[in-house]
Every structure is written in C-alpha cells, then in structure tokens.
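Here's the structure we're looking at; comments come further down.
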Amino acid sequence: MKIMKTLTFAIGAILYLGSLSLLNNAYAHEHHDRSPIKMLFKDIDLTEDQRSEVRSIMSSSIEEGRTIRAEMREESMDAMDELKEGTHEQIATVLSQEQMAQFDKNSQRMEQRAERMREGKMKDHKKGKKGRDKKRHKEHKKKQH
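Just add 271 to the spot in the sequence shown (first one is 1) and you have the working numbering.
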C-alpha cells in the first residue's frame with residue numbers, strides 16, 4: 272500500500288512538472304518570435320507601401336549602425352595602441368635595460384596568448400590554474416627539503 276502511494280505521487284509529480292515545462296516552452300516560444308523591430312510597430316496598422324518604406328529605412332539604418340560600430344572599434348583600437356605605447360615608454364624610464372628586455376618578452380608572450388584566445392585555440396586547455404598551482408606546490412616543497 273505504501274509503495275502504491277509513493278508510485279502514485281511520483282507519477283503525479285512527473286505529469287505536473289512535465290505540463291509546467293510544456294507551458295513554459297510554449298510561452299517562451301511565443302515571446303521569442305518577437306524581434307525588436309516587430310515590437311516597435313506592434314498594433315500599428317501599416318499599409319503595404321508603409322511597410323515597404325519602413326523596411327527600407329530600418330535596413331539602411333541597421334547598415335549605417337554597423338558601419339559606425341566598425342569605425343568606433345577601429346578608433347578604440349588605435350587609442351588603445353597609443354595608450355599601450357605611452358605606457359611602454361614610461362615603464363622604460365623606470366626599468367633597467369635587462370628588466371625592460373624581460374618586460375618586452377613577457378608582453379610579447381601575453382599578446383601571443385591573447386591572439387590564441389581570440390582564435391579560439393585555448394578552449395580545450397585542460398590544465399588550467401589548478402594544474403599550475405599543483406606544479407608550483409610540488410616545486411616549492413622540493414626547494415624546502
């Protein structure tokens with residue numbers, strides 16, 4: 272009798288949760304189909320000519336926006352390059368030639384790593400921080416003994 276109650280409860284819970292999941296998916300699908308542009312013109316009865324003109328206007332606006340963002344990205348990258356160059360020059364006044372050589376080497380290594388990350392080549396890098404920490408811990412223990 273106890274098993275029957277438990278089984279009935281479990282089946283009821285599964286059916287209830289399943290129906291909630293289906294309702295949630297239907298609701299999400301209904302709202303996911305709305306693009307921002309469609310939402311802007313919701314409940315506005317447009318003629319076919321208006322719809323065509325609006326589509327043309329929005330299309331050219333989107334294209335101009337892409338161009339502006341690309342230009343801003345280029346300007347931003349140029350500004351960052353200038354900042355990096357100025358920082359490098361300031362650091363060079365503080366460090367010795369030997370220190371600066373090591374700094375440049377480290378900087379180059381970091382840039383190569385950033386490039387690999389941009390290319391997506393480090394996604395499967397398994398070792399991670401924990402692996403490095405374990406290795407350092409072992410090396411530290413060896414030095415102490």
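Yeah, the Cβ is synthetic: ideal placement off N, Cα and C, and Gly gets one too.
Secondary structure of residue i, DSSP reduced to three states
{"i": "residue 327", "result": "helix"}
{"i": "residue 392", "result": "coil"}
{"i": "residue 366", "result": "coil"}
{"i": "residue 306", "result": "coil"}
Extent of the continuous alpha helix (DSSP H) to which residue i belongs
{"i": "residue 317", "result": "Neither: residue 317 is in no alpha helix (DSSP H) and is coded neither H nor E."}
Straight-line gap, residue i to residue j (C-alpha atoms, nearest Å)
{"i": "residue 385", "j": "residue 338", "result": "26 Å"}
{"i": "residue 363", "j": "residue 379", "result": "15 Å"}
{"i": "residue 344", "j": "residue 366", "result": "32 Å"}
{"i": "residue 348", "j": "residue 317", "result": "43 Å"}
{"i": "residue 372", "j": "residue 336", "result": "43 Å"}
{"i": "residue 311", "j": "residue 325", "result": "11 Å"}
{"i": "residue 381", "j": "residue 387", "result": "10 Å"}
{"i": "residue 375", "j": "residue 390", "result": "23 Å"}
{"i": "residue 323", "j": "residue 307", "result": "17 Å"}
{"i": "residue 369", "j": "residue 332", "result": "53 Å"}
{"i": "residue 328", "j": "residue 392", "result": "40 Å"}
{"i": "residue 383", "j": "residue 377", "result": "10 Å"}
{"i": "residue 314", "j": "residue 321", "result": "14 Å"}
{"i": "residue 334", "j": "residue 340", "result": "10 Å"}
{"i": "residue 357", "j": "residue 350", "result": "11 Å"}
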